[in-house]
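Convert by adding 35 to the 1-based position in the sequence shown; the result is the number in our numbering.
This report refers to the structure that appears directly beneath it.
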Amino acid sequence: FVTKYRDGVSESQFQTVLDYEHRKLLEGCRKAGITTPPKVTFVTVQKRHHTRFRPADPRQGTGRMKNIPAGTTVDSHVVHPTDFDFYLCSHEGIQGTSRPTHYYVLHDDYGFSADELQKLSYYMCYTYARCDKPISIPAPVQYAHLAAYRARNHILSYNQRAAESAADAASGSGAGRGRGRGRGAPAAPARHGPPRDESDADRKIRENKAAAQINSSIRVNASLKNNMYYC
36 FVTKYRDGVS
46 ESQFQTVLDY
56 EHRKLLEGCR
66 KAGITTPPKV
76 TFVTVQKRHH
86 TRFRPADPRQ
96 GTGRMKNIPA
106 GTTVDSHVVH
116 PTDFDFYLCS
126 HEGIQGTSRP
136 THYYVLHDDY
146 GFSADELQKL
156 SYYMCYTYAR
166 CDKPISIPAP
176 VQYAHLAAYR
186 ARNHILSYNQ
196 RAAESAADAA
206 SGSGAGRGRG
216 RGRGAPAAPA
226 RHGPPRDESD
236 ADRKIRENKA
246 AAQINSSIRV
256 NASLKNNMYY
266 C
């Protein structure tokens, strides 16, 4: 069976994402030579909400802020009356009030009980390679964040090179690609964060330069390119 945790989905997108990605997952299994379709459990992971929990007895709280203990699960009263969803605070709150993660089960071929899926989700928060403590979301979701961030830098750098090549081809010499942005232009002074009055065009230039710097500074070995090197 396959348990898929999916982040970045609002409630209005639940059905659209489920229909498309569930179909693509099964197609991928068939292409891989898996003749029997796997049982799929599709769970969304949401951090952008305003729900918070506090222990009824402050003496049961943890840390300076008396947060709920790591592993606290809420699956009644504040959840959907008929759907399969729950809140899980898997991490230890160090600063401020802990924000639990909202898990919403969109599809479940396997037939998990609430306790089984809650335990699985909690245990997955312990498997993140960068930390020896549980994090706030399952490790595969955090790895997906890292992969998306790294891929964004690759794409920005690729687009920058493509744009420069097109400009070179159009001008013949590469001259006139924008005022102050030629190969001989001095580097802009370092800033702490983007300027407040930055235009969209300047923002794109800054992001492309930052992506190029990251890609040039971090060379990925050919033997690692197909692995999770971004972790």
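Positions of the beta carbon are idealized from the N, C-alpha and C atoms, including for glycine.
Checklist line | 3-residue-minimum beta strand (DSSP E) runs that sit fully inside the stretch 70-138, ordered along the chain | finding: Correct list: 75-81, 107-109 and 120-124.
Check: Are there 16 or more other CB atoms within 10 angstroms of the CB of residue 169, so buried, or fewer, so exposed?
Finding: By 1-based counting over the sequence shown, the position of residue 169 is 134. Per the 10 Å Cβ criterion, buried.
Notebook entry, point to check: What's the C-alpha gap between residue 52 and residue 44?
Noted result: Taking the sequence shown and counting its residues from 1, the one referred to as residue 52 is at position 17. Taking the sequence shown and counting its residues from 1, the one referred to as residue 44 is at position 9. Looking at the two C-alpha atoms, the distance is approximately 8 Å.
Next item on the list: Have a look at residue 126 and residue 199 and give me their C-alpha separation to the nearest angstrom.
Entry: As a first step, residue 126 is located in the sequence shown; it is residue number 91 there, counting from the start. As a first step, residue 199 is located in the sequence shown; it is residue number 164 there, counting from the start. So the alpha carbons of these two residues sit roughly 45 Å apart.
Check: residue 255 by DSSP, collapsed to three states: which one?
Finding: By one-based count along the sequence shown, residue 255 stands at place 220. Residue 255: coil per DSSP, three-state reduction.
Next item on the list: Using alpha carbons as the reference points, say which of 69, 160 and 85 lies closest to residue 40.
Entry: For this step, residue 40 is matched to residue 5 along the sequence shown. Ranking the options by Cα distance to residue 40, first place goes to 160.
Notebook entry, point to check: Looking only at its own chain, which residues have a Cβ that is under 7 Å from the Cβ of residue 156, when we skip the five neighbours before and after it?
Noted result: Here residue 156 corresponds to residue number 121 of the sequence shown, with the count starting at 1. 123, 138 and 173, listed in sequence order.
Next item on the list: Report the three-state DSSP secondary structure of residue 167 (helix, strand or coil).
Entry: As a working note, residue 167 is residue 132 in the sequence shown. Correct three-state label for residue 167: coil.
Next item on the list: Would you be able to state if there are at least three C-beta pairs under 8 Å between the stretch 74-82 and the stretch 136-153?
Entry: Three or more beta-carbon pairs separated by less than 8 Å link the stretch 136-153 to the stretch 74-82, which places the two stretches in contact.
Check: Between the Cα of residue 178 and the Cα atoms of 189, 162 and 188, which residue gives the shortest distance?
Finding: Translated into the one-based positions of the sequence shown, residue 178 becomes position 143. Checking every option, the nearest Cα to that of residue 178 belongs to 162.
Margin query: Is any non-hydrogen atom of the ligand GTP found closer than 6 Å to the C-beta of residue 71, if you look at the structure I gave you?
Written below: The model depicted lacks the ligand GTP and carries no ligand whatsoever.
Margin query: According to DSSP, residue 38 sits in a beta bridge with which residue or residues?
Written below: Locating residue 38 in the sequence shown gives position 3, where the first residue counts as 1. The partner list for residue 38 (beta bridge, DSSP) reads 76.
Next item on the list: Would you grab the beta carbon distance between residue 119 and residue 108 for me? Rounded to a whole angstrom, and I think it's under 8 Å.
Entry: Start at 1 with the first residue of the sequence shown, and residue 119 comes out as number 84. Start at 1 with the first residue of the sequence shown, and residue 108 comes out as number 73. Under the criterion of beta carbons closer than 8 Å, residue 119 and residue 108 do not qualify as touching, at roughly 13 Å.
Note to self: Which same chain residues end up closer than 8 Å to residue 266 when comparing Cβ atoms and leaving out the 5 residues on each side of it in sequence?
What the structure shows: Counting from one through the sequence shown, the residue named residue 266 turns up at place 231. Contacts found: 164, 165, 178 and 181.
Notebook entry, point to check: Do the stretch 53-73 and the stretch 90-101 touch if we need at least three Cβ pairs shorter than 8 Å?
Noted result: By the Cβ criterion, the stretch 53-73 is not in contact with the stretch 90-101, since fewer than three pairs of Cβ atoms, one from each stretch, lie closer than 8 Å.
Next item on the list: Over the uninterrupted alpha helix (DSSP H) stretch that includes residue 233, give me the two end residues.
Entry: Working through the sequence shown from its first residue, we reach residue 233 at position 198. Run containing residue 233: none; DSSP gives neither H nor E here.
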